Every structure is written in structure tokens, then in C-alpha cells.
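The letter at position 75 of the sequence shown is residue 233 when you use my numbering, and the numbering goes up by one with no holes. Ideal Cβ positions, reconstructed from N, Cα and C, are used throughout, including at glycine. These numbers come from a predicted model, not from an experiment.
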Amino acid sequence: MAGPISPPTISPNLLTPTVQATTADLAKSKARDAGQKFEAQFLSTMFQHMFQGLETDGPFGGGAGEEMFRSMMTEAMGKQVAKSGGIGLADTVQREILKLQGLQ
Numbered sequence: 159m160a161g162p163i164s165p166p167t168i169s170p171n172l173l174t175p176t177v178q179a180t181t182a183d184l185a186k187s188k189a190r191d192a193g194q195k196f197e198a199q200f201l202s203t204m205f206q207h208m209f210q211g212l213e214t215d216g217p218f219g220g221g222a223g224e225e226m227f228r229s230m231m232t233e234a235m236g237k238q239v240a241k242s243g244g245i246g247l248a249d250t251v252q253r254e255i256l257k258l259q260g261l262q
């Protein structure tokens, strides 16, 4: 008969994540988030300028309410376009942030 089964030996290095890799991943994630937020704000501003000359008077348009909610709409549009891939500005901002931090 065989003897008792001994527990497997696991290296202590495998049990703790490396701090450097975790810090770099966190920095990249934060840089990506900052880039995406910057791109969303930029696109929102572009959309606001796009709607400035638009006349919407009529039975279903115009008024102070439309002006107030248009800024919310352009902000939401900017966030959605940036989230969907955007125009490439988020990637550029992320790359420059990481370069300034010495991580790329």
C-alpha cells in the first residue's frame, strides 16, 4: 500500500502578485480612463458647436427646456461615441500619459 499523501509544495512567489505589475496595470487603466474622459469632453464640445446654429422652432421644438437638455444630450453623445471607440483621441492621450510616467 502507498503511504500518506503529502500536500503539494507551492512556491511562495506564486501566492503573492508582483507589486510592480499590479501598479503598472493600474496606471494603464487610469490612463485609459482619463483618455476616454478627455475624448468624451472634446466630442461633447464639438457636438455643442454643431447644434449652435440649428433652428428648432415649431410645434415640438424650441424654448428654454430644449436649450437646457441639449447640453445633456451632447454630453451623453460624447460619452457614447468615446466609449464606442471614438476618434482615436483617447489612445493618443493614454499613450502620452504613460510616456510622461515612464511606463511605455
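Whole-angstrom distance between residue j and residue i, CA atom to CA atom
| i | j | result |
| --- | --- | --- |
| Ile255 | Phe209 | 32 Å |
| Ala192 | Ala234 | 17 Å |
| Phe196 | Phe218 | 33 Å |
| Ser164 | Leu261 | 43 Å |
| Gly220 | Met204 | 21 Å |
| Gly243 | Thr180 | 25 Å |
| Arg190 | Ser229 | 25 Å |
| Phe227 | Ser169 | 59 Å |
| Gly211 | Ala222 | 15 Å |
Residue i versus the options, residue with shortest Cα-Cα distance
| i | options | result |
| --- | --- | --- |
| Asp249 | Gly219, Thr214 and Ser187 | Ser187 |
| Glu225 | Gln206, Gly236, Lys241 and Ala234 | Gln206 |
| Lys241 | Ala222, Thr167, Thr214 and Phe200 | Phe200 |
| Gly246 | Gln194, Pro166, Ser169 and Ser202 | Gln194 |
| Lys257 | Ala182, Gly216 and Leu212 | Ala182 |
Sequence-distant residues of the same chain with beta carbon closer than 6 Å to residue i, five excluded per side
| i | result |
| --- | --- |
| Ala198 | Gly236, Lys237 and Ala240 |
| Thr214 | Gly220 |
Supposed close pair residue i, residue j - CB separation, criterion 8 Å
| i | j | result |
| --- | --- | --- |
| Gln252 | Ala185 | With 8 Å as the limit, Gln252 and Ala185 do not qualify as a contact, their Cβ atoms being about 10 Å apart. |
| Ser202 | Thr232 | 5 Å |
Proximal residues to residue i (C-beta, below 7 Å), its chain only, five neighbours per side dropped
| i | result |
| --- | --- |
| Gly216 | none |
* Just list the alpha helix (DSSP H) runs in the stretch 165-249, keeping only unbroken ones of 4 residues or longer that don't cross its boundaries, in chain order. => 170-173, 177-209 and 221-241
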